[in-house]
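A.B. asks:
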Amino acid sequence: MDYAKKICALCLFAFSCMGFAEPQIAAGSKTAYHFDSKYTYTPVPDGYDAFYIDHVGRHGSRYISKSKYEDIAYQTLLIAESKGQLTHLGKDLLDQISRIAQLNKGHYGALTDLGRQNIRLISQRMLDNYPTVFKGQKIEVISSSSPRAKETANIFVEAFHSKYPQINVTQQQEDQQTLLRFFEYSPAYKEFKQSKKVKNAVKSIENMPDSWEMGQHFLQRIFSDEFIHKYLDKGLEIKENSSIKSMDFVIAVYQLYQESLSFSPQLLAEHHVDLNSFFHEDEKTQFNNIVTVKNYLQIGPAFDANGIQIKIAAPLLWDMLNTADIAIKNNNIDANLRFAHAETVSPLETLLEIEGTATVANSILQYPLVWQADKIIPMMANIQWIFYKSKKADQPILVKVLLNEQEVHLPIKTEHYPYYNWDDVKQFYLTKLNKLGLSPQSSAIDMLKNLR
Numbered sequence: 265m266d267y268a269k270k271i272c273a274l275c276l277f278a279f280s281c282m283g284f285a286e287p288q289i290a291a292g293s294k295t296a297y298h299f300d301s302k303y304t305y306t307p308v309p310d311g312y313d314a315f316y317i318d319h320v321g322r323h324g325s326r327y328i329s330k331s332k333y334e335d336i337a338y339q340t341l342l343i344a345e346s347k348g349q350l351t352h353l354g355k356d357l358l359d360q361i362s363r364i365a366q367l368n369k370g371h372y373g374a375l376t377d378l379g380r381q382n383i384r385l386i387s388q389r390m391l392d393n394y395p396t397v398f399k400g401q402k403i404e405v406i407s408s409s410s411p412r413a414k415e416t417a418n419i420f421v422e423a424f425h426s427k428y429p430q431i432n433v434t435q436q437q438e439d440q441q442t443l444l445r446f447f448e449y450s451p452a453y454k455e456f457k458q459s460k461k462v463k464n465a466v467k468s469i470e471n472m473p474d475s476w477e478m479g480q481h482f483l484q485r486i487f488s489d490e491f492i493h494k495y496l497d498k499g500l501e502i503k504e505n506s507s508i509k510s511m512d513f514v515i516a517v518y519q520l521y522q523e524s525l526s527f528s529p530q531l532l533a534e535h536h537v538d539l540n541s542f543f544h545e546d547e548k549t550q551f552n553n554i555v556t557v558k559n560y561l562q563i564g565p566a567f568d569a570n571g572i573q574i575k576i577a578a579p580l581l582w583d584m585l586n587t588a589d590i591a592i593k594n595n596n597i598d599a600n601l602r603f604a605h606a607e608t609v610s611p612l613e614t615l616l617e618i619e620g621t622a623t624v625a626n627s628i629l630q631y632p633l634v635w636q637a638d639k640i641i642p643m644m645a646n647i648q649w650i651f652y653k654s655k656k657a658d659q660p661i662l663v664k665v666l667l668n669e670q671e672v673h674l675p676i677k678t679e680h681y682p683y684y685n686w687d688d689v690k691q692f693y694l695t696k697l698n699k700l701g702l703s704p705q706s707s708a709i710d711m712l713k714n715l716r
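The opening position of the sequence shown corresponds to residue 265 in my numbering, with each subsequent residue numbered one higher.
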């Protein structure tokens, strides 16, 4: 077994141990949100009650954001069909891509019904699990200016309206969204994303021998050998000034498979769509690694868990620390709810050093063993800080951190996990931010513009 196949085997084993059933294993950041209804929380320390929640969440499952991958897959299959070069399976794939395009038509980037359903479920669980938090005082809600983030926020707070009739969703000014779209304001981060180091790391996954071999096996099930060697291997022009090669097609179809998981199984069955069936298990693992490596590099720990791609989340962390302190001091706000994107949530997770989010792989080829997007940034990914206070005034404020509604470890000492002394947590992050040179003295925009 060569190195790449060992990685695939280890990934499959790791995912199976996590309890994920196919097809979710290989959906990466497109994984539909899932919460195990049998999950149990650690009992709250005696004498303590929850009183405040600080929340950051990604939008719900969405339609594919643009038609790029549909166009690549559909046009390639159409050309092959016109030349009589499609296999029986290839004709089936063409039919399914056509049906997916019809499902997406007019909805690019919008929330799916599955996404909306998951938002409501998370919201209701929050209300049910923490009744002592929601006293009817005030809830502050902010989203990015993205329509799907706005809709996510509005759906989330529907369940709160009876207690909070004045609740509304706000946004920062379009050109000053430093809390939830901080990734747009750092020149150094934009340079990092386009750097040769990042591009070469991505290529190292794409160019693995197994990537090519599995890609060829997939193509052989769809096209004739003549079409593969004469057109795809050399470059096929699918429209004017736009050509693709073999792996472009493979990854386009795989991306569509991942994106299709934003629909409910019932809807996919109703429209006779099952792209999962076109891929073998090892192919899904390998192609997912190719697709997801950009997430790991651009919004995950990459080469340095304190790198520019993580430091840009500092304004959001400062805001969470400050709003928590204000809530504790004034005792007049029940929750701060924020709704944004994977590019918001993932860097924050790593900056917080939440378990499973901040490990740098020894080699880029090993990144799937230390960082799994489906666990870290599925659709509707969320971080919740749940604050508790004692009935006794001399007892410390405690905080519990949830990632996707599950208790997680922080790199901070505690004698009663998952409950941490808030003063210890706050001091840990203040010290970390100061060591990284992330001072709150300057404006968030200035901080982001000057980050290195």
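Don't be surprised by glycine CBs; every beta carbon is placed ideally from N, CA and C.
Please go through the same chain and pick out, in chain order, the residues whose beta-carbon is closer than 6 Å to the beta-carbon of Leu-601, but skip the five residues on each side of it.
C.D. replies: Along the sequence shown, read from residue 1 onward, the residue named residue 601 stands at position 337. Taken in chain order, the residues that qualify are His-319 and Val-405.
A.B. asks: Give the DSSP-derived three-state secondary structure of Val-462 in the structure shown.
C.D. replies: The count along the sequence shown starts at 1 and reaches residue 462 at position 198. In the structure shown, Val-462 adopts helical secondary structure according to DSSP, grouped into three states.
A.B. asks: Run through DSSP, which three-state label would Leu-667 get?
C.D. replies: Position 403 of the sequence shown, counted from the first residue, corresponds to residue 667. Of the three classes helix, strand and coil, the one that applies to Leu-667 here is strand, per DSSP.
A.B. asks: Please name the residue, chosen from Ile-572, Gly-311 and Glu-534, that lies closest to Leu-700 on a Cα-to-Cα basis.
C.D. replies: Translated into positions along the sequence shown, residue 700 becomes position 436. Looking at the Cα atoms, Ile-572 is the closest of the given residues.
A.B. asks: Could you check whether Ser-408 and Gln-435 sit closer than 8 Å to each other, using their CB atoms as the reference points?
C.D. replies: One-based indexing of the sequence shown puts residue 435 at position 171. One-based indexing of the sequence shown puts residue 408 at position 144. At the C-beta level, Gln-435 and Ser-408 come within 8 Å of one another.
A.B. asks: Within the continuous beta strand (DSSP E) that includes Lys-653, where are the two ends?
C.D. replies: On the sequence shown, residue 653 is found 389 positions in, with the first residue counted as 1. Element bounds for Lys-653: 646-654.
A.B. asks: According to DSSP, what are the bridge partners of His-319?
C.D. replies: Counting from 1 along the sequence shown, the entry for residue 319 is found at position 55. Its beta-bridge partners are Leu-601 and Gln-648.
A.B. asks: Any chance you could list the alpha helix (DSSP H) runs of at least 4 consecutive residues sitting entirely within the stretch 556-612, in chain order?
C.D. replies: List check, alpha helix (DSSP H) in window: 572-575 and 578-594.
A.B. asks: Please determine, among Ser-468, Tyr-338 and Val-557, the residue with the shortest C-alpha to C-alpha distance to Gly-718.
C.D. replies: Since the first residue of the chain shown is 265 and the last is 716, residue 718 is not available in this structure.
A.B. asks: Please classify Gly-324 as buried or exposed, where buried requires at least 16 neighbouring CB atoms within 10 angstroms.
C.D. replies: Position 60 of the sequence shown, counted from the start, is the residue given in the question as residue 324. Gly-324 is buried by the Cβ-count criterion.
A.B. asks: Any chance you could list the beta strand (DSSP E) runs of at least 3 consecutive residues sitting entirely within the stretch 341-412, in chain order?
C.D. replies: 403-407
A.B. asks: For Thr-416, which residues in the same chain have their Cβ closer than 6 Å to its Cβ, ignoring the five residues on either side in sequence?
C.D. replies: Taking the sequence shown and counting its residues from 1, the one referred to as residue 416 is at position 152. Excluding positions up to five away in sequence, the list reads His-323, Gly-324, Ile-383 and Phe-603.
A.B. asks: Is it buried or exposed for His-371, if we count other Cβ within 10 angstroms and need 16 for buried?
C.D. replies: One-based indexing of the sequence shown puts residue 371 at position 107. Under this definition His-371 is an exposed residue.
A.B. asks: For the stretch 498-568, which segments carrying the alpha helix (DSSP H) assignment without a break, of at least 4 residues, lie completely within its bounds, in sequence order?
C.D. replies: 510-524, 529-534 and 545-563
A.B. asks: With the cut-off set at 8 Å, would you say Val-466 and Ile-515 are in Cβ contact?
C.D. replies: On the sequence shown, residue 466 is found 202 positions in, with the first residue counted as 1. On the sequence shown, residue 515 is found 251 positions in, with the first residue counted as 1. Going by C-beta atoms, Val-466 is not nearer than 8 Å to Ile-515.
A.B. asks: Return the CA-CA distance between Asn-552 and Ala-290, expressed in angstroms with no decimal places.
C.D. replies: The residue labelled residue 552 in the question sits at position 288 within the sequence shown. The residue labelled residue 290 in the question sits at position 26 within the sequence shown. Their Cα atoms are separated by approximately 6 Å.
A.B. asks: Would you check if the stretch 352-365 and the stretch 297-316 touch, i.e. whether three or more CB-CB distances between them fall below 8 Å?
C.D. replies: Counting Cβ pairs under 8 Å, fewer than three are found: no touch.
A.B. asks: Alpha carbon to alpha carbon, what distance is there between Leu-629 and Lys-461?
C.D. replies: Translated into positions along the sequence shown, residue 461 becomes position 197. Translated into positions along the sequence shown, residue 629 becomes position 365. Cα to Cα, Lys-461 sits roughly 14 Å from Leu-629.
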